[in-house]
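In order, the protein sequences belong to chains A, B, C and D.
Position in the first sequence counted from 1, then plus 5, gives you this note's numbering.
Position in the second sequence counted from 1, then plus 1077, gives you this note's numbering.
Position in the third sequence counted from 1, then plus 1077, gives you this note's numbering.
Position in the fourth sequence counted from 1, then plus 52, gives you this note's numbering.
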Amino acid sequence: MRVGVVQFPGSCDERDAAYALQVVGAEPVLLWHGAADLAGVEAVVLPGGFSYGDYLRTGALARFAPVMGALAAFAQRGGPVLGICNGFQILCEAGLLPGALTRNAGLRFVARPQPVRVAARSTWTAGLEPGDVLTIPVKHGEGRYVHDDPGQLAAGGQVLLRYCEPDGTVTRAANPNGSVAAIAGVTNPAGNVAGLMPHPEHAVDALLGSTDGRRLLGAVLSSVAAGRGGPVAAHL
Amino acid sequence: MPRVSIDVMLRDEILDPQGQAVERALPSLGFTGVAGVRIGKHIELTLAGDGTDVRATVEAMAATLLANPVIERFDWRVED
Amino acid sequence: MPRVSIDVMLRDEILDPQGQAVERALPSLGFTGVAGVRIGKHIELTLAGDGTDVRATVEAMAATLLANPVIERFDWRVED
Amino acid sequence: MAPEPVAPEPAPDPLATARELGLTDDEYDRIVATLGRVPSSAELGTYSVMWSEHCSYKSSRVHLRDLPTEGPHVLVGPGENAGVVDVGGGQAVTFKIESHNHPSFVEPFQGAATGVGGIIRDILTMGARPIALLDPLRFGDPADPTTRRIVDGVVRGVGHYGNSIGVPTVGGELAFDPSYQGNPLVNVLCVGVLPADRIQRAAAERPGDVAVLLGQRTGRDGIGGASVLASATFGEGTDAKRPNVQVGDPFAGKLLIECCLALYDADLLSGIQDMGAAGIACSTAEMASKAGLGMRVDLDLVPLREPSMAAWEILCSESQERMLALVSPDRLGAVLAIAARWGVQATAIGAVTEGDRLVFTHRGAVVHDVPARSLADEGPVYHRPVEERPHPAAAEPVDDEPGPADLRAAIDAVLGGTDLADPGWVTGQYDSVVGHGTVLGPGGDAAVLRLDASDFPRGVAVATDGNGRWCALDPEEGAKLVVAEAARNVACTGARPIAATNNLNFGSPERPPVMGQFAATIRGMAAACRALGTPITGGNVSFYNATGDADIHPTPVVGVLGVLDEVVTRVGHAFAAPGDVLFQVGAPTRPGLGGSAYLWATQRRIAGRPPRIDLDEERALQALLVAAADAEWARSAHDVAAGGLLGCLVESAVAGGLGARVIPEAGLAPHQWLFSESPSRAVVSTSSANVLQFANLCDARRVPYRRLGVVVDDPTLELQGLATLDLTDLAARRAATLPALLAP
Ligand SMILES: Nc1ncnc2c1ncn2[C@@H]1O[C@H](COP(=O)(O)OP(=O)(O)O)[C@@H](O)[C@H]1O
Ligand SMILES: [Mg+2]
């Protein structure tokens, strides 16, 4: 399965994302920010990094890049899109995901292995159960998720992951950035567009640490595969 | 070529940890009685043209690019 | 209780990478005719008291904490 | 043909200007003799920066010659932007360390950030993709609010640049000592990887090649900043000397990396040089001089941030994120196209010429016309007076003094001190994982990086070490110990140390005792590098680290690089499993409290002689560690360093979430057993199944070993008959040390 990885000026994790996709069995395709189309991929990852230097606001400039037009249309048609860290920020700025990501409450960049708890059943967590705990690195300066009504998001099944202790309890200390309701990842109402602050692409290789990221990245592949011939593929 | 200033601030209900940190640091530096510190962005730029549609241009740019309405509000003025 | 606004900007001769990157990105993002973008901080705060020594307080505060005199300058005004 | 240029207009009041720029009268006379005329303002500008201590190494050059620089793996040694070593399989690795001490004192955030940017571009210039950063940092007393402000700015600055540019920060150091109060040390090491046959050279090749300026526009940033600032002592009047601070733009730096790598892949360049200190002047002079050619540049073509800049300002500006590429005219179009794709400004500003002149024109006139090599290679060389003066406290017999009255209190003091603090407060602000190569990140002995995820099994290990206390007490022995420790840290991971880089941080070279420390350091470093097979492939000298008359401790910082043929065999420092057997291997524990963490933590004292090192013992230990890893008999390995055996055991246990039961060594005072920093020792754990093989390996290699104890499941460290430490509590306290001291 061909999965696009969008490269913006200032992206840093695009090679990691491509590597991780390969590890879970996909064929990564780098997509240039200036491209007008998505080269026929079946899913798209917006990788981490500092697109346009993160200047002005994280994601604020990237969301105007030419490729984002094609991406929005793809998302509209139900195409699976995953934004990781800077990718999450871009998707929020583009209005493809609810809420916004702001400066960490502690005002420092935070890099650490981070336990997160699966909060909903979705195409992005196929094969995982609510309550499952994964340990995945976070690394960001602006990851504090803000939303007016996190309860409504949760009720709609849009909260994907929450920051937690290794045993799964959600505590203030486990929250690396002060996100509302400890939210680490969300989806759009339709469930095909997701954003995460943790970096599953950095957790696919036992030599480098955790392999929990495979379970998340693998989930999208199986969902897309399962959806072939269904609504997603029908529009491709 | 009008020169424009735009101030972009987090909306009041959004936590501003930077403002809070400054507010907390001030007393120990001998500045007392300072309250309600909020920190945002100050943007200065020059627009091409004679300035006939400054309002439209600036508001469009601020609303779509310079500020994120989900969390921010903005204010602008033409300088000099 | 005077309400004060302070703008802190990089000094003109100091590179402002943020302003520069935004300015460079604007045309390809569909915003044309914008030049000389500089981005700094906008700080709002309230001072206790009747406002007799606002100038002294604000300037001292800006010079010691709010702005870094090595690379920044500041400007302030009383809002109301 | 252009007509012969007329001589540039002489500078008004040239001698006064020369003095203002820091040139001595002798140096000025030399310039006049070289040119056969009075120099122009632009020429005075370029000579003053190129002949500054920072650029010319005029005080250090005669000593640096004594360092070993050759070895079987060395592809490029000192003299280029960074050394390159062959790691096999067609891959090469380049690495170098640089300092940004003075700029980081003036403006900690930007100083540190631009330090990171600068060393990344050195690595990039060699043709490599930068893959890792290490940041050895030294600051004054953490109780001082100024120190806290500087630490905060520096750590944020390193993080800002490194995180944003997508190069992981995988190691470093954090040390505090009052000698760095007015002069922090911010050193940064960068590692890059490249195909061994794609090394780029910073030399001109052919007359007619076009000089292309890549990157940021040139502004009045840090004119003479790195060079002049780093070549004078801070004191009163710092403000007047303060050049405009350079501001780093990691975004522009990132685009420059990708653009240059694309240019290398397409094999489009005949030469490339980054612009560090002394900007255009330095890069053109060096590239021309190396080739024995000339260069002509039209300064009116240089894109400026401030159009009013004078010629000498354009030449000496240290604006960041710029490179100078030389391109044959038929490839210019392709180069400009690649630059445009990456959004990097690229401008042809001049050309390589026959002859040896470095000619700059500005506003239609020749403003500079000098032999390129007179700037780059024929600067003054000083034989500064050298006086080796023993440290007043070195004779104190600290190893003969009685141990602490309360051993438990001493243990708590050492483990609670800054030398043994958990670096998490720093490392948690750095991205250490980007690039999917970080096999062992910060926290252990050395960082280990996988070079290629797909089919290339190799890895490299890198560690930096310095120790101002040892080096102050005895610079020669201190330098040996520092080299040995860095190499031992690399060997602990199982990597074979093959090369080193050094950053020599010293006080004012105009003071003979400082030059005495310098000369002794070079002797010690040369001896250790020879003995351990780690030639110096590059580095940096930073003088004038002083506040008024007070020089810093002599602080050589060494980075050692090692190779793992199979990165999967790497060994970490964390205990792996309960029941594993602990061995102390290497030299016997000797009295070793001179300059130790124990003495500092318990008595705030720097005294005694640093422990002696036997370099043969050291080499044997390192070879053993590599062999044990290769055979996969070591489940963990950690050298005995700051905080002695106690520090070593606590770090390994805490990292593994386990504990240990160990038996004190007979015949040693408990405080020596626990805290001695005598060198050439490590603690290795093996599974009980491999105990015999490991012991046999030690016997075969004649490396002494001692069974120390066993790894246990519960988080306690039992020092039988002496103390039992609760590691959960200790870990929490060590993690709290830095936040408690440094939270602003
Ligand atoms: N400033 C820093 N940046 C990154 N890593 C650091 C820093 N300071 C310390 N570390 C990490 O902490 C660990 C312990 O450091 P140190 O005690 O100096 O090691 P050693 O004694 O083995 O030389 C090392 O892995 C080092 O890389
Ligand atoms: Mg060590």
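All C-beta atoms in this analysis are idealised placements derived from N, C-alpha and C, irrespective of residue type, glycine included.
All of these numbers come straight from a predicted model, not from anything done at the bench.
| Asked | Found |
| --- | --- |
| Candidates D:Ile83, D:Val396, D:Ala165 and D:Ala445, of which the one nearest Arg661 (chain D) by Cα | D:Ala445 |
| Residues from the region 1082 to 1100 of chain C in contact with chain A, defined by Cβ distance under 7 Å | Pro1094, Gln1095, Ala1098 and Val1099 |
| Range covered by the beta strand (DSSP E) that runs through Phe797 (chain D) | Past the boundaries of the shown model lies residue 797 (chain D); chain D is included only from 53 to 796, so the question cannot be answered. |
| Straight-line gap, Gly1117 (chain B) to Ile1116 (chain C) (C-alpha atoms, nearest Å) | 10 Å |
| Opposing strand residues paired with Trp1153 (chain B) [DSSP bridges] | B:Ile1083 |
| Neighbourhood of Arg68 (chain A) by C-beta distance below 7 Å, restricted to the same chain and skipping five residues each side | Ile95, Glu98 and Ala99 |
| Min CB distance Glu288 (chain D) to chain A below 7 Å | Residue placement at Glu288 (chain D) cannot be trusted, given a pLDDT of 37 that sits under 50; the coordinates are not used to answer. |
| Contact between the region 498 to 515 of chain D and the region 541 to 553 of chain D (3+ Cβ pairs under 8 Å) | yes |
| Cβ-based neighbour list, Leu226 (chain A), same chain, cut-off 7 Å, excluding 5 preceding and 5 following | Met6, Val29, Gly30 and Ala31 |
| Sequence-distant residues of the same chain with beta carbon closer than 6 Å to Glu1121 (chain C), five excluded per side | Ser1082 |
| Nonlocal neighbours in the same chain, by C-beta distance under 6 Å from Glu406 (chain D), ignoring five residues either side | Pro259 |
| Inter-residue Cα distance where the pair is Gln1095 (chain B) and Ala1102 (chain B) | 11 Å |
| Own chain partners of Asp781 (chain D) with C-beta closer than 8 Å, once the 5 adjacent residues on each side are dropped | none |
| Beta carbon of Thr107 (chain A) nearer than 7 Å to that of Val151 (chain A) | yes |
| From D:Ser704, D:Ala679, D:Glu684 and D:Val678, residue whose alpha carbon lies closest to that of His690 (chain D) | D:Ser704 |
| Contact with chain B by Val151 (chain A), beta-carbon distance below 7 Å | yes |
| The region 67 to 86 of chain A contacting the region 38 to 52 of chain A, beta-carbon criterion three pairs below 8 Å | yes |
| Outcome for Leu353 (chain D) when other beta-carbon atoms lying within 10 angstroms are tallied against a minimum of 16 | exposed |
| Three-pair Cβ contact test at 8 Å for the region 619 to 631 of chain D versus the region 155 to 166 of chain D | no |
| Partner residues on chain C for Ile1159 (chain B), Cβ-Cβ distance less than 9 Å | Residue 1159 (chain B) is absent from the model: chain B starts at 1078 and stops at 1157. |
| Residues bridged to Lys1118 (chain B) (per DSSP) | B:Val1085 and C:Lys1118 |
| Range covered by the beta strand (DSSP E) that runs through Val379 (chain D) | Arg374 to Val379 |
| Rounded separation between Ala1137 (chain C) and Trp1153 (chain C) - CA only | 12 Å |
| beta-carbon Gly328 (chain D) near ligand 4 non-hydrogen atom, thresh 6 Å | As for ligand 4, it is missing from this structure, which binds only ligand 1 and ligand 2. |
| Min CB distance Ala1125 (chain B) to chain C below 7 Å | yes |
| Interface flag, Asp187 (chain D) vs chain A, CB-CB below 7 Å | no |
| Val514 (chain D) beta carbon less than 7 Å from that of Gly218 (chain D) | no |
| Unbroken stretches of the alpha helix (DSSP H), 4 residues or longer, contained in the region 497 to 573 of chain D | 520 to 525 and 527 to 544 |
| Assigned exposure category for Ala68 (chain D) - 16 Cβ within 10 Å defines buried | exposed |
| 8 Å Cβ shell around Ala639 (chain D) - same chain, five flanking residues per side excluded | Asp666, Glu669, Glu670, Leu673, Ser730, Pro731, Ser732, Arg733 and Pro756 |
| 7 Å Cβ shell around Leu226 (chain D) - same chain, five flanking residues per side excluded | Leu189, Pro475 and Val478 |
| Buried versus exposed, by CB contacts within 10 Å (16 or more), Glu1156 (chain B) | exposed |
| Cβ-based contacts, 7 Å cut-off: residues of the region 48 to 80 of chain A near chain C | Tyr57, Gly58, Tyr60, Leu61, Leu66 and Phe69 |
| Closer than 8 Å at the beta carbon, the chain C residues around Ala1102 (chain B) | Leu1142 |
| Per-residue burial, Pro66 (chain D) [other beta carbons within 10 Å of its own, 16 or more giving buried] | buried |
| Short Cβ contact (7 Å threshold) for Leu676 (chain D) with Arg753 (chain D) | yes |
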